[in-house]
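If you count by full-length UniProt numbering, then the sequence shown holds residues 1 to 402, one letter each, in order.
The beta-carbon is built from N, C-alpha and C at its ideal position, and this holds for glycine as well.
Computed from a predicted structure; not experimentally measured.
Following: one structure in structure tokens, then a few remarks.
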Amino acid sequence: MATPGCTVLPFELLECIIELLASDPIHGMGSLKACSLACRSLLAITQPRVFSFISLCSPQQHSNFKLVLDANPSIANHVQSLHYEFIRGRYAHEPSTLERLRRVTSFALVFPRGIYWETASASKISSILSFIQSNNIVDLKVFFIQNLPISIFWYLPHLKVLDIARLSFANVPFSDNFSTPNEPPKLMSLKIDDCTQETWVNVIGEHLYSATPGIAPFLDLSGLEEFTLSLKREGSGHRQPIKPFLMPSQTLKSLSLTGYSNLDFKDLASNLNRSSLGTLKFVELGVYLKSREDDDPYSRITNGLEKIAGKNVLETLTIHVQAPTLLQCLGPSRNNWSQFDQLLSQSHSFPFLRRVDVKISLSNMYFNSPRAKSKLEDTGREHFKRLNNNPRLQFSFELSQL
1 MATPGCTVLP FELLECIIEL LASDPIHGMG SLKACSLACR SLLAITQPRV
51 FSFISLCSPQ QHSNFKLVLD ANPSIANHVQ SLHYEFIRGR YAHEPSTLER
101 LRRVTSFALV FPRGIYWETA SASKISSILS FIQSNNIVDL KVFFIQNLPI
151 SIFWYLPHLK VLDIARLSFA NVPFSDNFST PNEPPKLMSL KIDDCTQETW
201 VNVIGEHLYS ATPGIAPFLD LSGLEEFTLS LKREGSGHRQ PIKPFLMPSQ
251 TLKSLSLTGY SNLDFKDLAS NLNRSSLGTL KFVELGVYLK SREDDDPYSR
301 ITNGLEKIAG KNVLETLTIH VQAPTLLQCL GPSRNNWSQF DQLLSQSHSF
351 PFLRRVDVKI SLSNMYFNSP RAKSKLEDTG REHFKRLNNN PRLQFSFELS
401 QL
């Protein structure tokens, strides 16, 4: 019963207030927990939001969450996003809470460094397999696992978003207890981070491209809209690992490629499906320069962009060059900057382009040198005159520290 003289807020308004509190990335969770203690009505509203994301990264977190589920099993129905770190040692055989979760759509799986899939705790692996079967995973992040069966993706039929880093794959059956789905999952977003191409980028690429003879694809990339590839560790191979990821997609909207000199952008047009040229709106190209002998990045980038000129709908372009020495930015690249400037300023070549960002990252020695920074800033102004004065787009030239 309401207290005389007090206004009773409608339930819908309470939900809006709670939703607003939950949107605060810093204080949101604390506010929700405080509201849940006020009354039963607020508890019913806040509880699904408080438990929508669960992080199990330590033995204590595993134990605490198990106690919560023991006290109120219905809490498991609120968990939609789970960050799970594989715990080794004496905790590896403790009863897992994974088997009690049935409504998770976003799952992050992190292994300790150096752990191999086939040598990990059998009970924990069994829990993970059971969890995958029991939930409709739409968003998956997998980090640091060695020899992960590449066929695991077959058993995630609802998967749309995949983020993988520091993995190695094994071309072995995933589990004898799993029934094989009829089709691979159809991804909309794929991110591959911090890897070398010869260790596993080429391996997974061979199993993605449906045109590879005798190999069935484990992922359907025909509807891929976002692709990010970061080769942060230099490899010795010269194979192009890009085409198997780009060619299947007919609807690519966002593309981010970062790597050393052996990740060449000259063949960007031939690596893309022709249909994607009519949908690709955002491109980010990043280059790590390791030594003075590395090829000039602007030449390779400009050549790649020339091949899609006049047949694209590109709206935003970001170029990021990380160079340990100033000479790599002030040497032969200076003239190529002008070519880059001229190409992008031609309205018929990139008619929809509205934003261009050029970022140069230097080592501490050069970044903290006023003279060096001044030279580079002058170069930016001198060789990007057309872009700077182009009224139809925004242009920025930015220096940062490695």
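Going by CA-CA distance only, name the one from Tyr84, Leu98 and Asp357 that's closest to Thr316.
-> Translated into positions along the sequence shown, residue 316 becomes position 316. Nearest C-alpha to Thr316: Asp357.
Between which two residues does the alpha helix (DSSP H) containing Thr105 stretch?
-> The residue given as residue 105 occupies position 105 in the sequence shown. Element bounds for Thr105: n/a, residue is neither H nor E.
Apart from the five residues on each side of it in sequence, which residues of its chain come closer than 8 angstroms, Cβ to Cβ, to Leu148?
-> As a working note, residue 148 is residue 148 in the sequence shown. Hits under 8 angstroms: Trp117, Val142, Leu167, Ser168, Phe169 and Ala170.
Note down, one range per segment and in chain order, each beta strand (DSSP E) of at least 3 residues found wholly within the region 303-371.
-> 316-323 and 355-362
Would you kindly check if the distance between the Cβ of Leu224 and the Cβ of Leu252 is under 8 angstroms?
-> Position 252 of the sequence shown, counted from the start, is the residue given in the question as residue 252. Position 224 of the sequence shown, counted from the start, is the residue given in the question as residue 224. Contact: yes.
Helix, strand or coil: which one does DSSP assign to Thr228?
-> Here residue 228 corresponds to residue number 228 of the sequence shown, with the count starting at 1. Thr228: strand per DSSP, three-state reduction.
Considering only C-alpha positions, which residue in the set Gln80, Ala76, Val79 and Tyr84 is nearest to Gln60?
-> Sequence index remark: in the sequence shown, residue 60 carries index 60 (1-based). Among Gln80, Ala76, Val79 and Tyr84, the Cα nearest to that of Gln60 is on Tyr84.
Are the C-beta atoms of Leu343 and some chain D residue less than 8 angstroms apart?
-> Here there is only one protein chain, and chain D is not present.
Assuming Ser81 contacts Ser106 under a Cβ cut-off of 8 angstroms, what Cβ separation, rounded to an integer in Å, is found between them?
-> Residue mapping note: residue 81 aligns to position 81 of the sequence shown, counting from 1. Residue mapping note: residue 106 aligns to position 106 of the sequence shown, counting from 1. That belief holds up - the Cβ atoms of Ser81 and Ser106 are roughly 4 angstroms apart, short of 8 angstroms.
Cα-Cα separation, Pro73 to Leu101 = Taking the first residue of the sequence shown as 1, we reach residue 73 at position 73. Taking the first residue of the sequence shown as 1, we reach residue 101 at position 101. Rounded to the nearest angstrom, the two C-alpha atoms are 10 angstroms apart.
Under the three-state DSSP convention, the category Ile115 falls into | Residue numbering aside, residue 115 sits at position 115 when the sequence shown is read from its first letter. Note: Ile115 maps to coil in three-state DSSP.
Would a C-beta distance cut-off of 8 angstroms place Leu277 and Lys311 closer than the cut-off?
-> Working through the sequence shown from its first residue, we reach residue 277 at position 277. Working through the sequence shown from its first residue, we reach residue 311 at position 311. A contact, by the Cβ cut-off of 8 angstroms.
If we call anything under 8 angstroms between Cβ atoms a contact, is Phe86 one with Val110?
-> The sequence position of residue 86 within the sequence shown is 86, counting from 1. The sequence position of residue 110 within the sequence shown is 110, counting from 1. Taking 8 angstroms as the Cβ cut-off, Phe86 and Val110 qualify as a contacting pair.
Provide the residue span of the beta strand (DSSP E) that contains Phe395, from first to last.
-> Counting from one through the sequence shown, the residue named residue 395 turns up at place 395. Where Phe395 is concerned, the enclosing beta strand (DSSP E) stretches over Gln394 to Gln401.
In this structure, does DSSP put Val283 in helix, strand or coil?
-> Sequence index remark: in the sequence shown, residue 283 carries index 283 (1-based). In this structure, Val283 counts as strand in the three-state DSSP scheme.
Under the DSSP definition of a beta bridge, which residues are partnered with His83?
-> Translated into positions along the sequence shown, residue 83 becomes position 83. DSSP lists Ser55 and Ala108 as partners of His83.
Where DSSP assigns a beta bridge to Gln146, which residues make up the other side?
-> Counted from its first residue, the sequence shown places residue 146 at position 146. DSSP, once it has assigned bridges, lists Tyr116 as partnering Gln146.
How long is the line joining the alpha carbons of Asn368 and Gln146, rounded to whole angstroms?
-> To locate residue 368, count along the sequence shown from 1; it is residue 368. To locate residue 146, count along the sequence shown from 1; it is residue 146. Straight-line Cα distance between these residues: approximately 40 angstroms.
Does the beta-carbon of Thr97 have 16 or more other beta-carbons within 10 angstroms, so that it is buried, or is it exposed?
-> Reading the sequence shown from its first residue, position 97 is the one you call residue 97. Its Cβ being crowded by 16 or more others within 10 Å, Thr97 is buried.
For Thr119, is the classification buried or exposed, using 16 other Cβ atoms within 10 angstroms of its Cβ as the cut-off for buried?
-> Within the sequence shown, numbered from 1, the residue matching residue 119 stands at position 119. Classification for Thr119: exposed.
Pairwise C-alpha distance: Arg381 and Glu398 = By 1-based counting over the sequence shown, the position of residue 398 is 398. By 1-based counting over the sequence shown, the position of residue 381 is 381. Their backbone Cα atoms lie some 11 angstroms apart in a straight line.
Helix, strand or coil for Gly223 per DSSP?
-> Mapped onto the sequence shown, residue 223 falls at position 223. If DSSP states are grouped into helix, strand and coil, Gly223 belongs with coil.
Apart from the five residues just before and just after Phe51, which ones in its own chain have a Cβ nearer than 7 angstroms to its Cβ?
-> Within the sequence shown, the letter at position 51 stands for residue 51. Excluding residues within five positions, the ones whose Cβ falls inside 7 angstroms are Ile75, His78 and Val79.
Going by C-alpha distance, which of Arg49, Lys66 and Gln47 is nearest Leu56?
-> The sequence position of residue 56 within the sequence shown is 56, counting from 1. Closest in C-alpha terms to Leu56, from the list Arg49, Lys66 and Gln47, comes Lys66.
Verify whether the separation of the beta carbon atoms of Thr379 and Asn336 is less than 8 angstroms.
-> Within the sequence shown, residue 379 is the residue found at index 379, counting from 1. Within the sequence shown, residue 336 is the residue found at index 336, counting from 1. Contact flag unset, no.
Are Pro248 and Leu221 closer than 8 angstroms when you measure CB to CB?
-> Working through the sequence shown from its first residue, we reach residue 248 at position 248. Working through the sequence shown from its first residue, we reach residue 221 at position 221. Yes, Cβ-Cβ distance for Pro248 and Leu221 is below 8 angstroms.
Leaving aside the five residues before and after Asp139 along the sequence, list all residues of the same chain whose C-beta is less than 6 angstroms from its C-beta, in chain order.
-> Residue mapping note: residue 139 aligns to position 139 of the sequence shown, counting from 1. So the list reads Ser106 and Val161, once near-sequence residues are dropped.
CB contact flag (Leu246, Ile192, <8 angstroms) | Position 246 of the sequence shown, counting from 1, holds the residue named residue 246. Position 192 of the sequence shown, counting from 1, holds the residue named residue 192. Going by C-beta atoms, Leu246 is not nearer than 8 angstroms to Ile192.
Using a threshold of 8 angstroms, state whether the C-beta atoms of Ser361 and Leu402 are closer than that.
-> Indexing the sequence shown from 1 puts residue 361 at position 361. Indexing the sequence shown from 1 puts residue 402 at position 402. A contact, by the Cβ cut-off of 8 angstroms.
Within 8 angstroms, strictly: CB atoms of Leu353 and Leu305 | Counting from 1 along the sequence shown, the entry for residue 353 is found at position 353. Counting from 1 along the sequence shown, the entry for residue 305 is found at position 305. In this structure, Leu353 keeps its C-beta atom at 8 angstroms or more from the C-beta atom of Leu305.
Nearest CA to the CA of Pro185: which residue from Lys243, Asn389, Arg392 and Pro217?
-> Along the sequence shown, read from residue 1 onward, the residue named residue 185 stands at position 185. Considering only alpha carbons, the answer is Pro217.
Cut-off 6 angstroms between Cβ atoms - residues of its own chain near His320, not counting five sequence neighbours on either side | Here residue 320 refers to the residue found at position 320 of the sequence shown. Only residues of its own chain outside the window of five on either side were considered, and among them Gly286 and Lys359 have a CB closer than 6 angstroms to the CB of His320, listed in chain order.
Reduced DSSP secondary structure (H/G/I, E/B, other) of Thr258 = In the sequence shown, residue 258 corresponds to position 258, counting from 1. Correct three-state label for Thr258: strand.
Given Gln339, which residues of its chain have a CB within under 7 angstroms of its CB, disregarding the five upstream and five downstream residues?
-> On the sequence shown, position 339 is the one that residue 339 refers to. Once the five neighbours on either side are set aside, the close Cβ partners of Gln339 are Thr302.
Drop a sphere of 10 angstroms on the beta-carbon of Arg392, count the other beta-carbons inside from all chains shown, and report buried for 16 or more, exposed for fewer.
-> Residue mapping note: residue 392 aligns to position 392 of the sequence shown, counting from 1. Under this definition Arg392 is an exposed residue.
Can you give me the Cβ contacts of Asn273 inside the same chain, cut-off strictly under 8 angstroms, excluding the 5 residues immediately before and after it?
-> If you number the sequence shown from 1, residue 273 lands on position 273. Hits under 8 angstroms: Leu246, Met247, Pro248, Ser249, Gln250 and Leu252.
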